[in-house]
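What follows is a short report on a single structure.
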Amino acid sequence: MEIKKICVIGGGLMGRQIGLCAAIHGVDATVYDLNPDVLAAVQVWEDDYLAGRIAKGRMTEEQVADIRTRYHLEPSLEKAVAGVDAVIEAIVEVQDIKAKFFRQLDELVSEDVIIATNSSYMVSSLFADCVKNPARLCNMHFYNPALVMEFVEVVQGPHTSEEVAGAVYELAKRMGKCPIWQKKEIPGFAGNYLIAGLTQRARYLVQNGYCTPQEVDIALEKGFNHKMGVFRMGDLTGIDLSYTMMKNTYERTGEKPDMYDVYEQMVKEGRLGRKTGHGFYDYE
Ligand SMILES: NC(=O)c1ccc[n+]([C@@H]2O[C@H](COP(=O)([O-])OP(=O)(O)OC[C@H]3O[C@@H](n4cnc5c(N)ncnc54)[C@H](O)[C@@H]3O)[C@@H](O)[C@H]2O)c1
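Here it is in structure tokens:
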């Protein structure tokens, strides 16, 4: 089972990069988003990115022309998923919205088309009842920026077939990644499960006045050689994403996570991190 043609659902921060990474590595990739403005923005981003690669001498004109033949933006979901071997979902981190999408997708693709979710925390079993053949459903979790970061988690749920997880794992390798194949599900998978523990302690320190977010990052970056402290990383992944996940936890447990109000305020003010130029840090 070889994945040659994919569709990425959602042209946001992650989806556009996952699609382009696949196209760069020889896989035919179509990006679909329900918002046409997002697809227009992806076109501008793609042009800028590829022009930059040429300007820096990292790609030739011929290579870029070749990549462009494999990277497509499509405003119709039906057309976007036609003839694909796999669909990678990268829409908002809200369970009900993802579930609704999987039900819709199930009506459009045949039962052997692989469906992978790029969710940051949600295991694919949460969506097993949304599709007719859950054996073709798994997690494929990329890290931001997906064009650069090599780590990918392929997570095989109890419903996922070995063949499907293997094909997704091979796709990750073909995309130049260094994947792991987790055969047991845990929310957040290996990476975000680990980082959640650290983040929780970091937020506890700030919430209770022991130090500022910037001081937490200094401790991690200068004391432990982390490339990025957790708050700097939060700016990169998006304050809105962190807030959505905190909100999910709050709703699920009834316990307000540390720094919840701070994140809520930042979202209200549009301080979403790097993408808006301001977050815990200011950017050019
Ligand atoms: N941001 C990160 O650093 C990061 C890292 C790893 C994984 N993820 C996960 O990737 C997914 C996407 O995150 P993101 O940061 O790219 O989000 P984003 O908000 O930047 O992009 C989401 C896109 O999905 C589109 N969308 C929403 N509902 C849709 C639907 N029903 N059909 C088609 N398009 C739809 C939106 O228009 C938007 O363009 C989430 O599950 C997130 O947890 C994010």
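Quick note on our numbering: the sequence shown kicks off at 37 and runs consecutively. All C-beta atoms in this analysis are idealised placements derived from N, C-alpha and C, irrespective of residue type, glycine included. Model, not experiment: these values are computed from the prediction.
Practice prompt. Alpha carbon to alpha carbon, how far is CYS43 from PRO249? Give it in angstroms, no decimals.
Written response: Here the question's residue 249 lines up with position 213 in the sequence shown. Here the question's residue 43 lines up with position 7 in the sequence shown. Cα to Cα, PRO249 sits roughly 38 Å from CYS43.
Worksheet item: Who does TRP217 pair with in a DSSP beta bridge?
Response: For the purposes of this step, residue 217 is identified with residue 181 of the sequence shown, where counting begins at 1. VAL190.
Worksheet entry | Residue from LYS40, PHE260, THR312 with nearest C-alpha to ASP121 | The residue given as residue 121 occupies position 85 in the sequence shown. ASP121 has its Cα closest to that of LYS40, out of LYS40, PHE260, THR312.
Discussion item. Please tell me whether, using a cut-off of 7 Å, the distance from the CB of GLY51 to the nearest non-hydrogen atom of ligand 1 is below it.
Written reply: The residue labelled residue 51 in the question sits at position 15 within the sequence shown. Answer for GLY51: yes, Cβ within range of ligand 1.
Worksheet item: Count the other CB atoms within 10 Å of the CB of TYR229; is the residue buried (16 or more) or exposed (fewer)?
Response: Taking the sequence shown and counting its residues from 1, the one referred to as residue 229 is at position 193. TYR229 should be labelled exposed.
Discussion item. Whole angstroms are fine: how far does the CA of ASN261 sit from the CA of ARG204?
Written reply: Translated into positions along the sequence shown, residue 204 becomes position 168. Translated into positions along the sequence shown, residue 261 becomes position 225. Rather than Arg, the amino acid found at residue 204 in this sequence is Val. Their Cα atoms are separated by approximately 32 Å.
Discussion item. Which complete alpha helix (DSSP H) runs does the region 222-291 hold, if anything under 4 residues is left out?
Written reply: 225-243, 249-254, 266-273, 275-289
Discussion item. Let me make sure I understand the geometry here. Which of THR66, HIS61, ILE60 has the alpha-carbon closest to that of ILE45?
Written reply: For the purposes of this step, residue 45 is identified with residue 9 of the sequence shown, where counting begins at 1. That would be THR66, whose Cα lies nearest to the Cα of ILE45.
Practice prompt. Along the alpha helix (DSSP H) that carries GLU50, what are the first and last residues, could you check?
Written response: Counting from one through the sequence shown, the residue named residue 50 turns up at place 14. A small fix is needed here, since residue 50 is Met in this sequence, not Glu. Residues 49-60.
Worksheet item: Ends of the alpha helix (DSSP H) at GLU143?
Response: For the purposes of this step, residue 143 is identified with residue 107 of the sequence shown, where counting begins at 1. Start and end: 131-144.
Worksheet item: By Cβ distance, which residues of its chain are closer than 6 Å to GLN301, with the 5 residues on each side in sequence left out?
Response: Residue 301 sits at position 265 when you count from the first residue of the sequence shown. None.
Fill in: Between the CA atoms of LEU173 and PRO194 - distance to the nearest angstrom
Working through the sequence shown from its first residue, we reach residue 194 at position 158. Working through the sequence shown from its first residue, we reach residue 173 at position 137. Each residue's alpha carbon lies about 10 Å from the other.
Fill in: Spatial distance of ASP297 from LEU241 (CA atoms)
Here residue 297 corresponds to residue number 261 of the sequence shown, with the count starting at 1. Here residue 241 corresponds to residue number 205 of the sequence shown, with the count starting at 1. If you take the alpha carbons of ASP297 and LEU241, they lie about 15 Å apart.
Worksheet item: Could you give the residue range of the beta strand (DSSP E) that holds VAL67?
Response: The count along the sequence shown starts at 1 and reaches residue 67 at position 31. From DSSP, the beta strand (DSSP E) with VAL67 extends over 64-68.
Discussion item. Checking 8 Å against the spacing of the C-beta atoms, do VAL200 and ILE150 come in under that value?
Written reply: What you label residue 200 is simply residue 164 of the sequence shown in a count that begins at 1. What you label residue 150 is simply residue 114 of the sequence shown in a count that begins at 1. Yes, the pair counts as a contact, with Cβ atoms nearer than the cut-off.
Discussion item. Alpha carbons only, please: which of LYS258, GLY48, MET37 is nearest the one belonging to GLU129?
Written reply: Working through the sequence shown from its first residue, we reach residue 129 at position 93. The option with the nearest alpha carbon to GLU129 is GLY48.
Worksheet item: If you drop the 5 nearest sequence neighbours on each side, which residues of the same chain put their C-beta closer than 6 Å to that of GLY315?
Response: Here residue 315 corresponds to residue number 279 of the sequence shown, with the count starting at 1. Correct list, in chain order: ASP271, ILE275, ARG307, GLY309.
Worksheet item: Taking the Cβ atom as the reference point for each residue, do ALA116 and GLU110 lie within a distance shorter than 8 Å?
Response: For the purposes of this step, residue 116 is taken as the residue at position 80 of the sequence shown. For the purposes of this step, residue 110 is taken as the residue at position 74 of the sequence shown. It is a contact, given that the beta carbons lie within the stated cut-off.
Worksheet entry | N-terminal and C-terminal residue of the beta strand (DSSP E) that ALA122 is part of | For the purposes of this step, residue 122 is taken as the residue at position 86 of the sequence shown. Looking at the DSSP string, the run of the beta strand (DSSP E) that includes ALA122 is 122-125.
Worksheet item: Nearest to ALA238 by alpha carbon, out of PRO223, ILE254, ALA226?
Response: What you label residue 238 is simply residue 202 of the sequence shown in a count that begins at 1. Residue ILE254 is the option with its Cα nearest to ALA238.
Worksheet item: Should ASN154 be labelled buried (16 or more other beta-carbon atoms within 10 Å of its own) or exposed?
Response: By one-based count along the sequence shown, residue 154 stands at place 118. Classification for ASN154: buried.
Practice prompt. Kindly give me the distance between the Cβ atoms of GLY224 and TYR157, rounded to whole angstroms, as I take these residues to be in contact under 8 Å.
Written response: The residue you call residue 224 lines up with position 188 of the sequence shown. The residue you call residue 157 lines up with position 121 of the sequence shown. That pair is a contact at about 5 Å.
Discussion item. Is CYS271 a contact residue of ligand 1, with contact defined as CB to any heavy atom under 7 Å?
Written reply: Here the question's residue 271 lines up with position 235 in the sequence shown. Residue identity differs from the one stated: residue 271 is Asp in this sequence, not Cys. ASP271 Cβ: outside cutoff for every heavy atom of ligand 1.
Worksheet item: In three-state terms, what does DSSP make of ALA152?
Response: One-based indexing of the sequence shown puts residue 152 at position 116. Strand at ALA152.
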